[in-house]
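Working notes, structure below.
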Amino acid sequence: MFVTPASFAGFGRRLTHDAAERLASNWTTLLFNGIVLVVAGVLIFSIDWSVRSLSRFIGALFIFEGLWAILTVGIDNRAANLVIGALSAAAGVAIIAWPSPSLIVLGIFLGSWLIVLGTITISGAFAARRVLADWWLLLLLGLAELPLGVLALANPGATLAAIITVGGIWAAVIGAMRIVYAFELRRLPEDVDQALADRSANGATGGSGSERYAPASAASAS
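For the sequence shown, the positions run 80 to 301 when the numbering used here is used.
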């Protein structure tokens with residue numbers, strides 16, 4: 080899912096069991112998203128594209144990413160996912176509808192959006208560090224998107240092969256990382272319960288149900 084600093088506003092330093100269950104419910108959609116992106120990356124590298132056809136394909140990916148973000152369940156402040164998803168879908172529609180798209184237009188759209196996503200993901204990863212043990216995976220996602228965006232914007236009028244390279248790497252790499260993260264997310268409730276059991280064994284006082292907490296070292300999300 081998309082994670083922003085606002086997702087963890089006022090959340091403190093612990094993750095509740097119920098919040099972990101909500102986050103873990105996203106693992107199948109995250110897995111599906113990752114698989115789609117990997118397949119898209121393979122297609123980008125495999126097909127002999129024209130500028131117009133590649134623009135439509137990348138625009139469709141933007142729309143797909145936007146719808147996925149809108150449907151994602153977060154910990155808090157779902158409005159952030161809605162805004163990011165709507166912007167992604169709008170960018171996709173703009174790319175598809177743009178009359179006679181050029182390499183410059185496609186490069187600017189792709190580069191700008193990758194920089195936006197990378198920046199949001201990196202800042203969200205540092206915010207999640209207070210409560211998520213695997214926050215560094217989010218950081219890696221952002222660090223993968225940001226330089227690709229900079230590369231696309233550095234020369235937006237580059238050759239079609241350069242745009243294909245940036246788009247293909249983005250789809251394949253980010254997709255693969257999301258697949259890995261999906262399985263990490265699936266185990267989140269168990270990690271939270273294990274952390275609670277460890278604290279109880281060490282003499283810590285725990286609760287139950289929606290009042291159960293786990294220390295940050297045991298949690299992971301996407």
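Note that beta-carbon positions come from the ideal geometry of N, C-alpha and C, so glycine has one too.
8 Å Cβ cutoff met for residue i and residue j
i	j	result
A207	M256	no
L193	Y260	no
D270	H96	no
A159	G145	no
I149	L140	no
G221	A204	yes
L239	L182	yes
Proximal residues to residue i (C-beta, below 8 Å), its chain only, five neighbours per side dropped
i	result
F136	A119, L122, I123 and W128
I243	I123, F124, W128 and L133
P180	V130, R131, S134 and I174
V117	A250, A251, G254, A255 and I258
V115	F143 and G254
W177	S134 and V184
W147	T108, N112 and G164
N234	G186 and A241
Beta-carbon contacts of residue i that lie in its chain and below 6 Å, excluding the five residues immediately before and after
i	result
G138	G171, I174 and I175
G286	Bear in mind that the predicted position of G286 carries a pLDDT of just 45, short of 50, making it unreliable; the figure below should be weighed with that in mind. Cβ neighbours of G286 beyond the five flanking positions: none.
First and last residue of the uninterrupted alpha helix (DSSP H) at residue i
i	result
W147	V130 to L150
R266	Unbroken run through R266: none, as it is neither H nor E.
I123	W106 to S125
Cutoff 7 Å; reference residue i; Cβ partners in own chain excluding five residues on either side
i	result
A283	Note that A283 has pLDDT 49, beneath the 50 cutoff, so the model's placement of it is unreliable and no number is given.
L230	V245
N281	none
L218	I201 and A204
**Q.** Three-pair Cβ contact test at 8 Å for the stretch 194-205 versus the stretch 214-231
**A.** yes
Q | Complete alpha helix (DSSP H) runs within the stretch 156-241 (minimum length 4 residues, chain order) | A | 157-176, 182-207 and 214-233
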